[in-house]
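Undergrad:
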Amino acid sequence: MQTPFRFFAIGLGILLGTPAWAQVESTQQQTTTAPAPTITQEPAPAMPSIQDVRSPLNTISNRPRATTGAQPGAAAGAGQTGLTPGARTAFPGSDLQLRIQEFEFQQLQQDLQADQRERNEFQQFVMQSIGRDLPMFGANLFRTVPSTFAPVDNVPVAADYVVGPGDEIQIRAWGQIDVDYNAAVDRDGTISVPKVGVINVAGIKANDLPAYLKTVFGRTFRNFQLTATLGKLRSIQIFVVGQAKRPGTYTVSSLSTLVTAVFAAGGPSSKGSMRNIQLKRGNQVVAEFDLYDMLLSGDKSRDAKLLPGDVIYIPPVGPLVAVTGSVNVPAVYELRQSTVLFDLIRWAGGLATTAAGQKATVERIEDHKARKVEEFPLDMGGLSRSIRDGDLVTVYSLVPRFDNAVALRGDVAQPGRFPWREGMRVRDLIPDREALLARDYWIKRNQAVGLDKNVTNILNQQAATGTRLTVEDLNQRRKPGSELDATIGDTIRRLQTESEAAKFLDPNQVSSATQASRLQQVDKDESAKLDAARADALRLVNQIKPLHEVNWDYAVIERLNRNDLTTSLVPFNLGKAVIDGDPEQNLLLQPGDIVTVFSKQDIKVPISKQTQYIRLEGEFKGAGVYQILPGETLRQLVERVGGFTPNAYLYGAQYTRESTRVQQEKTLDEALNRLEKDIGRFNALRAQNVTSPEDAASLKQQAENQQALLVRLRQIKPFGRVVLELPEDAQIADLPELPLEDGDRFLVPSKPSMVSVFGSVYTESSFIYRPEKRVEDYISQAGGPTRGADESSIYVLRADGSVKSKQQSGFFTASLERSRLMPGDSIVVPVELDRTTVTRALKDISQIFYQFGLGAAAVKVIRQ
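If you're matching positions, the sequence shown starts at 19 in the numbering used here and goes up one per residue.
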């Protein structure tokens, strides 16, 4: 009878040992864990506010500020430390692209918030009516930074530009007089030129300036040439008033026009008119501009140049209408004069492709009292109907209905809609078996190569000769210049797991525990390469994995009853309808029917009708993926494929099953949850007896270690191993008559040549297997137990996954020390219980390992 003490001792040993019976690689390196260095983290620099970051391309610098105390969140001493000349200040996210994105996002967020605050009353009315926020037409044109539209200094000067105070004139003359002079126009409109004197240039147009100056110079000199151009131009002050987004006084270039000034002011607000922007000079309206002309047709001919003191007035918005639905530009539009429905749809960019095209509805406010709905046909008469202030026009879209189609979906070659015809039946829609071969089938079958061509040739040679190539063999035989990012050895070492890629390598070469360890050590920078390599390897290994198979017994027609609009399901036998042409199953189709073909995975069918597969790997004469015959057992399958090779080590075979893995995973999760609660109660009881800070610190450290151990335990995933309980010299006849399940995997390794000793010994290592040696001989070869070893709890992890401990020794059985070992066994020498106070509350760990057969890979994870 197995006692709890036995489980407890085994658990302690597993925690402290590192058995790896499946690992044939040398494990002579001693792993030591250095204490983690203390890292002092500096506080992250604060993100500058939007007021400090005017442009993403500006140089960001932390300039000293006069402060009376430390700023909140500032590092100590920041106020006393100045910037060293040439030093660069830190900016969160030094990547320029990231800074630009952050700035643009902040700008967009502010603009959207501003738009929500600035909705006019009609926009709010429309939103309440249709549940959608419609923008003012053209408002998005003014969301960009105003400086984008400011005129630059190097644009050509218009011929009719009038020279005035503040302008710069560049004069070049040669001949009898040599002049190279830049003259600034004074307040009185004059310039002073050496050797010539004072010249009045105010009011002269730019195209007349060279001739005018040549005339003035000609009064004093003869035989010369002269050119005169404008340099820096004067700035003028204008006023933007009314319903602008940013009304105020603006200093702009003298080349500015009405449109550029409107852009500088952010455009009209949601309460301002876009159709009647006025330019006032003195008490006269000198120009009126309709932004719709520019927005709809690009016409800017009514734009006007600005003079100092000009006033741009944006009056309140005029009559408003909204258009929504299936149009290209749904928005709120401003009316200027009598408008018909045709004009409104034209402003909205016309009807969308999905518009119904027959009619539109108009919600209208009558005499500011009530609302009513009118309907306009979209013909010449309807399009000529007038639109009023407050109208809400809705253009409806097409109903996604097919009047003359039937649909085919599911596991078929060509899912989609097909035209219906009178007398059409199921067999007309699915004419033969080929119509049920889905595209995924051909895509997978066309993937002839999963790795590069050189590796494929090597693997083909391996299959033809029956040899087992090592990782180093693959790398040496592989030709240079391959496109793989890593060597084949690197790829397979990282990707080989219990269920993938094992058929390409000698099973004795790399264990699953080693693979788990190496995967955890992959650098983050290589994760992308590893993911790509993993996808290639899985595609190669699973290439012959069967696809979903068609359920020939059941398919269904989904049909709408036109009378009461209810949906009914009409089932039929797909095989009889398509293959046999049975008139009772080859049903008549109606317009709008949907035919669905299911796979055997979609709806579970009887096991006798399922196609099941098993994977045989390792030392089989015919390793591969095989279809399970009805009622076939494990022994029958092995005999059918030709049995094992002479190198087969059946005692160390691994048989895994998916249903077992799922159940083990569920039970393991429940056990760990129970263990976590026990640890919590144990620590709570200990906390009541704490009397000193030292005891409290010790208890805290112990609790942290326990939680870290639980985290590592939760990383362990059962792989569904089924212990076959085979004798040490097992042959085919010893295999159990185990019924097979779909997805089972049977791995038979070659015979290993090592026995490992781990735990509290002086030299943890693997030793060559000798049949005459016993447990005590290998422990002595490892240097013997240390002073802290618990010699009464020594146990052996057998190659078949079982555990043998001292508690199993009896009067008629040999003691554990005198027990004979098998190749691949591992001896674990635990630490004395008193030296492992952390594990006192973890007695269930031994049961967890024993019940789930987690083996060396799990021990590897726990001891990291």
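Every residue, glycine too, gets a C-beta built ideally from N, C-alpha and C.
1) Ignoring anything shorter than 3 residues, give me the beta strand (DSSP E) runs that lie fully in the stretch 332–364, in order along the chain.
2) In whole angstroms, what separates the C-alpha of proline 286 from that of valine 358?
3) Tell me whether glycine 408 sits in a helix, a strand or coil according to DSSP, three-state version.
4) I'd like to know whether the C-beta atoms of threonine 233 and valine 214 end up nearer to each other than 8 Å.
5) Look at the alpha carbon of serine 810 and the alpha carbon of tyrosine 631, and state the distance between them as a whole number of angstroms.
6) For proline 789, does the count of other Cβ atoms within 10 angstroms reach 16, so buried, or fall short, so exposed?
7) Could you spell out the range, first to last residue, of the alpha helix (DSSP H) harbouring aspartate 446?
8) Please classify proline 437: is it buried, with 16 or more other beta-carbons within 10 angstroms of its beta-carbon, or exposed?
9) Given a threshold of 16 other Cβ atoms within 10 Å of its Cβ, counted over all protein chains shown, does isoleucine 575 qualify as buried or as exposed?
10) Please return the same chain residues whose Cβ sits closer than 6 Å to the Cβ of aspartate 407, not counting the five positions on each side in sequence.
11) Return the residue from the list Ala702, Pro736, Gln733 that minimises the CA-CA distance to glutamine 720.
12) Starting from the C-beta of tyrosine 268, find all residues in its chain whose C-beta is less than 8 Å away, skip the five residues before and the five after it, and write them out in chain order.
13) Using the C-alpha atoms, what's the distance from phenylalanine 160 back to glutamate 381?
14) To the nearest angstrom, how far is the alpha carbon of leucine 655 from that of aspartate 571?
15) Express the C-alpha separation of glutamine 302 and leucine 325 in angstroms, rounding to a whole number.
16) Whole angstroms are fine: how far does the CA of methionine 772 sit from the CA of serine 833?
17) Have a look at alanine 373 and glutamate 393 and give me their C-alpha separation to the nearest angstrom.
18) Across the stretch 745–763 and the stretch 687–697, are there enough close Cβ pairs to call them in contact, namely three or more that are closer than 8 Å?
19) Check threonine 58 in the structure and name its three-state DSSP category.
20) If you compare alpha carbons, which of Pro334, Val846, Arg445 is closest to lysine 594?
21) What does a CB cutoff of less than 7 Å around alanine 456 pick up in its chain, not counting 5 residues either side in sequence?
22) Does the distance from the CB of threonine 275 to the CB of aspartate 226 come in under 8 Å?
23) If leucine 758 sits next to leucine 652, beta carbons under 8 Å apart, how far is it from one beta carbon to the other, in whole angstroms?
24) On the CB-based measure, 16 or more other CB atoms within 10 Å of its CB, does methionine 154 come out buried or exposed?
25) Please work out which residues of its chain come closer than 7 Å, Cβ to Cβ, to aspartate 198, disregarding the five sequence neighbours upstream and downstream, and give them in chain order.
26) If you reduce the DSSP assignment to three classes, tell me which class leucine 251 lands in.
27) Quick check on the DSSP output: the alpha helix (DSSP H) that includes leucine 686 runs from which residue to which?
28) With DSSP as the reference, label aspartate 429 as helix, strand or coil.
29) On the three-state DSSP scale, how would you describe valine 779?
30) What would DSSP say about glycine 14, mapped onto helix, strand or coil?
31) Using DSSP bridges, identify the partner residues of tyrosine 631.
32) For aspartate 317 and threonine 208, I'd like the C-alpha separation in whole angstroms.
33) Output the distance between the C-alpha atoms of glutamate 688 and leucine 731, rounded to the nearest integer angstrom.
34) Can you tell me where the alpha helix (DSSP H) holding proline 711 begins and where it ends?
35) Quick one: grab the DSSP three-state call for aspartate 762.
36) For valine 729 and alanine 370, what's the separation of their Cα atoms in angstroms?
TA: Taking the structure as given:
1) 338–343, 349–352
2) 25 Å
3) coil
4) no
5) 46 Å
6) exposed
7) 444–447
8) exposed
9) buried
10) Pro337
11) Ala702
12) Within the same chain, tyrosine 268 has close Cβ partners Gln255, Ile256, Phe257, Val258, Ala279, Ala282, Ala283.
13) 30 Å
14) 28 Å
15) Just so you know, the alpha carbons of leucine 325 and glutamine 302 end up roughly 13 Å apart.
16) 22 Å
17) 15 Å
18) At 8 Å Cβ cutoff, the stretches do not touch.
19) For threonine 58, the predicted model reports a pLDDT of 39, less than 50, meaning its position is unreliable; a value from the coordinates is still stated below. Looking at threonine 58 - three-state DSSP - the assignment turns out to be coil, as it is neither helix nor strand.
20) Arg445
21) Asp429, Val430, Ala431
22) Taking 8 Å as the cut-off, the beta carbon of threonine 275 is found no closer than this to the beta carbon of aspartate 226.
23) 6 Å
24) buried
25) Arg190
26) coil
27) 676–705
28) coil
29) strand
30) The structure shown has nothing for residue 14, since the chain only spans 19 to 882.
31) Gln645
32) 38 Å
33) 12 Å
34) 711–732 is the extent of the alpha helix (DSSP H) around proline 711.
35) strand
36) Looking at the two C-alpha atoms, the distance is approximately 57 Å.
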